[in-house]
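Numbering of the sequence shown is given in our numbering, commencing with residue 18 and proceeding in unit increments. The structure under discussion appears below in the form of structure tokens.
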Amino acid sequence: MRAAVVTGFGGPDVVEIVEVAVPEPGARQVRIKVAAAALNPVDAGVRAGVFGGAGKRLGLGWDVAGTVDATGVATGWSVGDEVVALAYGTAKSLGTHADYVVVDADAVAKAPASVDVVHAATLPLNALTASQALDALGLEAGQSLVVTGAAGAVGGYAVQLAVHRGLSVTAVAREGDEELVRSLGAARFVSGAVAAGSVDGVLDAALLGEAALEWVRDGGAFVGVIPGAHPASVRGVRTGAVEVAPDGARLAELAALVDEGVLTLRVAETYALDEAAKAHTRLAEGGLRGRLVLQP
């Protein structure tokens, strides 16, 4: 089968399509025939060597939508099931940018029925990150939340999920994105700074760090999206960062929210798997409002 990998670090040109053996699922694992797989900034980080792994073959791709093709024992899944899943890991030898991928059974969820596989492939990584970040904030209905980078993939899901949880959301994004983020449910829009100490929490998808921490009231909460990169606590504000974890049960809840119309899945462009390097080039150019998706 084909797989997109890197064996050395650098720009988009280091992404290779190689022929590898079809992986076999072990106990409590399933093999998915990939129909679509999103390309995320974390893949660019793997490609550039941000996470290390020099001298190894590193597979690319975390998100997948497709069909269960084979199962190990004790999985609860059947061949032919249409699913989505998160294949976690920055140092895995094979990722979802491939013809087939093996994942743990408890990382898998039934695919949303109301969208095609291309859109479904944009759900797992970014929606789970947003959902788990909101969990870490621990805010209650009626409290106020600022989401930075609200027009991005994680930020957009965070806005919609926060509104669904009953939070009052202020979206921070570029001026040209106001219509978009308001359509996601944000009650307020800001293209610059928020008043200091004015909100109960910040979900910092734009990596503003200490500047956004100033907006949180004393004793509030701040959560970033890059582990270890969050600012230190001040004024009794809890600070932290989410490290996304596979969670098939939560992913199933998120897929249900797609079918209920709560979550909006956004696709910017699609590429064939063989065009993976070209897709990385487009990702590096920026300005996307939605995910790039590879299709084998």
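Just so it is clear, CB atoms sit at the ideal spot from N, CA and C, and this is done for glycine as well.
DSSP, read as helix, strand or coil, puts residue 205 in strand. One alpha carbon belongs to residue 242, the other to residue 142, and they sit about 12 angstroms apart. The closest CA to that of residue 41, considering only 80, 121, 65, is found on 121. For residue 36, there is no enclosing alpha helix (DSSP H); the residue is part of the beta strand (DSSP E) that begins and ends at 33 to 36. In this structure, the alpha-carbon of residue 115 lies about 6 angstroms from that of residue 21.
Across the set 106, 171, 208, 270, the C-alpha of 171 shows the shortest separation from the C-alpha of residue 150. Approximately 7 angstroms separates the beta-carbon atoms of residue 179 and residue 164; this is inside 8 angstroms, confirming the contact.
DSSP places residue 161 in the strand class (E or B) of the three-state scheme. Annotated as proximal: residue 237 and residue 216, with beta-carbon spacing under 8 angstroms. Annotated three-state conformation of residue 182 is coil, per DSSP. Residue 43 and residue 109 have their C-alpha atoms roughly 16 angstroms apart. The secondary-structure analysis by DSSP pairs residue 19 across a beta bridge with 36. Residue 124 counts as buried, since no fewer than 16 other beta carbons sit within 10 angstroms of its beta carbon. Looking from the CA of residue 202, the closest CA among 63, 278, 90 belongs to 278. Here residue 138 really is in contact with residue 81; their C-beta atoms are around 6 angstroms apart, less than 8 angstroms. Residue 87 is bridged by DSSP to 48. Rounded to whole angstroms, residue 191 and residue 207 show a C-alpha spacing of 8 angstroms. Residue 190 is bridged by DSSP to nothing; it lacks a bridge partner.
By a beta-carbon distance limit of 8 angstroms, residue 300 contacts residue 61. Their separation comes to about 6 angstroms.
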